[in-house]
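Each remark here refers to the structure printed beneath this line.
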Amino acid sequence: MQGHMNFPRLVIAGTQSGIGKTTVTLAILAALKDRGRQVQPFKVGPDFIDPGYHSAATGRLSRNLDGWMLGEAVNRDIFARVAADADISIVEGMMGLFDGSSPVNEIGSTAELAKQLDAPVLLVIDGSAMARSAAAMVSGYAKFDSALRVAGVLFNRVSSEGHYKLLMDAVEQETDVVAMGYLRPDPAVTISDRHLGLVTAMEQGTGELYGWLAKAAAETIDLDRIEELARSAGDLPSLCKGRLGGVENSTFPPPSLQRRGKAGVRVGVAYDQAFCFYYPDNLELLEAEGAELVRFSPLNDQVLPDVDMLYLGGGYPELHGKALAGNVIMRTAIRQFAEQGGTIYAECGGMMYLTQAIRDFAGTAHEMVGLFSAEAVMNKPCLTLGYRTLELSQDCILGASGVIARGHEFHYSTLVPRGLLDYACALRDAQGNSKGQDGLSVGNTMALYTHLHFASQPLIAKSLVSSVRRTSPRLS
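Written out as structure tokens, the structure is:
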């Protein structure tokens with residue numbers, strides 16, 4: 015990224031979780047697309063589900079930006095690279111505006127990201143049960159950090175124009191923040207919930223959801239003002255150097271995402287309703303090293319594609335335990351692939367699939383691939399959630415001992431060993447406290463509970479593809 019470039023951009027933030035940021039964001043994305051705009055969506059934080067909806071609403075892949083996992087240089091590189099051909103970029107925040115990896119600083123928060131992108135903030139408030147109090151709330155958020163520009167407010171769950179006018183008058187009388195409209199509560203545009211958050215966009219289906227959201231936004235949101243606010247962001251100065259979210263033993267940015275590795279490595283990417291959690295940047299960094307990506311479905315396919323490596327991402331295998339267990343041909347093929355020297359990289363749900371069994375919330379065990387002598391047991395009280403720093407404690411397919419990367423954990427399952435397990439990584443949380451071990455390792459298979467973001471450590475993609483080139487029976 016050279017010089018200064020203009021990227022119309024806007025961060026949509028909430029006062030807290032659960033106030034409808036995603037619904038508001040999707041309504042604005044869909045309405046702007048209806049206006050003929052090329053809209054580039056982004057999501058703050060390590061979320062996989064919201065970006066799926068963003069992509070469905072806009073027809074463009076949504077990207078994750080994260081101050082803790084990636085740091086300013088990487089965030090701005092990703093942003094500038096994918097926003098370059100867009101008319102407007104919309105960034106959906108996470109949790110409350112100032113919530114991040116710590117209660118005493120801004121790291122990992124939506125506020126930090128808005129400042130990294132020098133972007134104005136549109137604050138979303140649940141206006142259903144307030145009037146003048148909205149002014150106090152907006153005033154507090156706008157003044158909390160003088161380096162942040164909270165420029166607009168949008169009210170969700172407001173039933174009438176009269177109620178909205180009360181809220182607008184209160185806010186604009188007491189603050190410099192401009193009211194930009196509201197959304198009415200509407201069960202027709204409600205997205206279902208489950209234990210890890212919303213159901214995925216793949217399961218929800220597009221149906222009429224985005225059309226309804228676009229129509230609702232056009233009726234009660236001032237879209238001209240939204241676009242004007244995004245254009246007020248001005249130029250984004252170049253920033254070509256910086257460390258990756260605290261990861262010291264890496265170099266960034268990579269020379270480019272143009273293919274720089276020789277072609278020939280074929281990577282089978284599990285993609286269906288059980289496995290669909292992937293950062294686009296992870297896949298693109300593999301491609302940049304020369305990988306050719308081939309999608310397949312552990313749920314539905316009977317034949318494993320002709321590949322040198324398997325990438326089994328996260329998702330909801332526990333909801334599809336019976337079907338995954340029933341596809342004995344695929345489970346056998348994956349186990350044989352590993353036993354014959356094929357490389358497998360798996361994360362969270364993908365790791366669970368490689369154990370002997372998944373025991374669902376009802377206590378029913380479903381037989382899985384069986385590479386690791388353990389059972390993945392679902393248990394609602396056992397939520398594991400948080401940022402993670404991962405350090406390799408031995409040489410493996412992810413790189414040499416000592417390599418550090420960043421990611422996050424979010425799961426309700428625990429591993430119950432049924433034999434000896436070999437771990438290849440040490441884990442720490444965002445505060446640097448030990449979280450034990452991760453990285454089940456056997457042969458050329460590595461399986462993590464942690465979802466790694468490869469842009470936090472580009473050596474990982476390079477090491478994976480290099481390892482495959484050295485060991486693949488097909489390439490030898």
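In this note's numbering, the protein residues as written are 15 to 490. Just so it is clear, CB atoms sit at the ideal spot from N, CA and C, and this is done for glycine as well. In this text the structure is predicted, and so the values were computed from the model without any measurement.
Q) Counting pairs of Cβ atoms below 8 Å between the stretch 432-443 and the stretch 386-400, do you hit three or more? A) The stretch 432-443 is in contact with the stretch 386-400.
Q.
Extract the residue ranges of the alpha helix (DSSP H) inside the stretch 146-206, only unbroken runs of 4 or more that lie entirely within it.
A. Taking 4 residues as the shortest admissible run, the stretch 146-206 contains the following complete alpha helix (DSSP H) segments, listed from N- to C-terminal end: 147-157 and 175-188.
Q) Any idea if phenylalanine 289 is buried or exposed, counting beta-carbon neighbours within 10 angstroms, 16 or more meaning buried? A) With 16 or more Cβ atoms within 10 Å of its Cβ, phenylalanine 289 is classed as buried.
Q | Residue environment, aspartate 113, which counts as buried when at least 16 other CB atoms sit within 10 Å | A | Burial call: buried.
Q.
Just verifying my parser: in three-state terms, what is the DSSP assignment at threonine 124?
A. Reduced to three states, the DSSP call for threonine 124 is helix.
Q: Quick one: measure Cβ to Cβ for leucine 162 and glycine 28, integer angstroms, because I've assumed they're closer than 8 Å.
A: The beta carbons of leucine 162 and glycine 28 sit about 14 Å from each other, so the pair does not count as a contact at 8 Å.
Q) Where alanine 100 and arginine 245 are concerned, what is the direct C-alpha to C-alpha distance, given to the nearest angstrom? A) The alpha-carbon atoms of alanine 100 and arginine 245 are separated by roughly 12 Å.
Q) When burial is assigned at 16 or more other CB atoms within 10 Å of the CB, is leucine 489 buried or exposed? A) In summary, leucine 489 is exposed, with fewer than 16 beta-carbon neighbours lying within 10 Å of its beta-carbon over all protein chains present.
Q.
My output table needs one value for histidine 467: the three-state DSSP class, helix, strand or coil.
A. Assignment of histidine 467 by DSSP, reduced to helix, strand and coil, places it in the coil class.
(Q) Per DSSP, what are the beta-bridge partners of threonine 459 in this structure? (A) According to DSSP, which records beta bridges pairwise, threonine 459 is partnered with Ile358 and Val456.
Q: Taking glycine 107 and valine 58 to be in contact with their CB atoms under 8 Å, please state how far apart those CB atoms are, rounded to whole angstroms.
A: That pair is a contact at about 5 Å.
Q. Okay, do the stretch 357-364 and the stretch 393-404 touch, 3+ Cβ pairs below 8 Å being the bar?
A. By the Cβ test, the stretch 357-364 is not in contact with the stretch 393-404, since fewer than three Cβ pairs between them sit closer than 8 Å.
Q. To the nearest angstrom, how far is it from the Cα of asparagine 20 to the Cα of arginine 442?
A. So the alpha carbons of these two residues sit roughly 38 Å apart.
Q) From Ile121, Ile240 and Gly248, pick the residue whose C-alpha is nearest to that of alanine 41; which is it? A) Closest by alpha carbon: Ile240.
Q) With a CB to CB cut of under 8 Å and the five nearest residues on each side skipped, what residues in its chain are close to proline 267? A) Legend: pLDDT at proline 267 = 44, less than 50; position of this residue unreliable, value from coordinates given subsequently. For proline 267, the CB contacts under 8 Å within the same chain, skipping 5 residues up- and downstream, are Ala87, Val88, Asp91 and Cys254 in chain order.
(Q) If distances are taken between C-alpha atoms only, which option among Glu423, Ala184 and Leu223 comes closest to threonine 36? (A) Cα-wise, what sits closest to threonine 36 is Leu223.
Q. Under a three-way DSSP split, which group does glutamine 52 fall into?
A. Under the three-state reduction of DSSP, glutamine 52 is assigned to coil, being neither helix nor strand.
Q. Are the beta-carbon atoms belonging to aspartate 322 and glycine 377 less than 8 Å from one another?
A. One thing to note: aspartate 322 has its Cβ no nearer than 8 Å to the Cβ of glycine 377.
(Q) Just list the residues that DSSP pairs isoleucine 235 with in beta bridges. (A) For isoleucine 235, which the question treats as bridged, DSSP gives the partners Gly195.
Q: Name the residue from Ala305, Gly335, Met344 and Phe351 whose alpha carbon lies nearest to the alpha carbon of proline 487.
A: Among Ala305, Gly335, Met344 and Phe351, the Cα nearest to that of proline 487 belongs to Phe351.
Q) Do alanine 133 and valine 25 have their CB atoms nearer than 8 Å? A) Closer than 8 Å, so yes.
(Q) Suppose you measure from the CA of leucine 406 to the CA of leucine 307; what does that come to, to the nearest Å? (A) Roughly 26 Å between the two C-alpha positions.
Q.
Using DSSP's beta-bridge definition, name the partner residues of valine 283.
A. The partner list for valine 283 (beta bridge, DSSP) reads Arg309 and Tyr325.
(Q) Let me confirm a value: asparagine 458 is counted as buried when at least 16 other C-beta atoms fall within 10 Å, else exposed. Which label applies? (A) Counting C-beta atoms within 10 angstroms of its own C-beta, asparagine 458 has 16 or more neighbours from the protein chains shown and is therefore classed as buried.
Q.
Using a Cβ-Cβ distance cut-off of 8 Å, determine whether lysine 157 contacts chain D.
A. This model lacks chain D altogether, as it is built from one protein chain only.
Q: State yes or no: is the C-beta of glutamine 130 within less than 8 Å of the C-beta of glycine 81?
A: In this structure, glycine 81 lies closer than 8 Å to glutamine 130 by Cβ.
Q. By how many angstroms is the C-alpha of methionine 109 removed from the C-alpha of arginine 117?
A. Before going further, note that residue 117 is proline rather than arginine in the sequence given. Each residue's CA atom was taken as its position, placing proline 117 and methionine 109 some 13 Å apart.
Q) My guess is that aspartate 295 and arginine 23 are in contact by the Cβ rule of under 8 Å, so how many angstroms apart are they, rounded? A) Their Cβ separation, rounded to whole angstroms, is 19 Å, which puts aspartate 295 and arginine 23 out of contact at 8 Å.
Q.
Rounded to the nearest angstrom, what separates glutamate 303 and arginine 484 at their Cα positions?
A. Taking the straight line joining both Cα atoms gives about 14 Å.
Q) Hey, would you say valine 279 sits closer than 8 Å to valine 105, going by beta carbons? A) In this structure, valine 279 lies away from valine 105, with their beta-carbon atoms at least 8 Å apart.
Q: In the DSSP assignment, find the beta strand (DSSP E) that holds asparagine 78 and state where it starts and stops.
A: Segment 77-79, the beta strand (DSSP E) holding asparagine 78.
Q: Would you mind reading off the limits of the alpha helix (DSSP H) that contains glycine 85?
A: 85-97 is the span of the alpha helix (DSSP H), which, as asked, contains glycine 85.
Q: Give the straight-line distance between the Cα atoms of arginine 49 and isoleucine 372, rounded to the nearest whole angstrom.
A: Each residue's alpha carbon lies about 46 Å from the other.
(Q) I believe serine 455 touches alanine 475 by the beta-carbon criterion, under 8 Å. Please report the beta-carbon distance rounded to the nearest angstrom. (A) The pair is not a contact, with the Cβ atoms about 18 Å apart (cut-off 8 Å).
Q: Report yes if the C-beta distance between glycine 413 and leucine 326 is below 8 Å; otherwise report no.
A: Taking 8 Å as the cut-off, the Cβ atoms of glycine 413 and leucine 326 do not count as close.
Q.
For tyrosine 155, tell me which candidate among Glu188, Leu84, His334 and His425 has the shortest Cα-Cα distance.
A. Out of Glu188, Leu84, His334 and His425, the CA that lies nearest to the CA of tyrosine 155 is found in Glu188.
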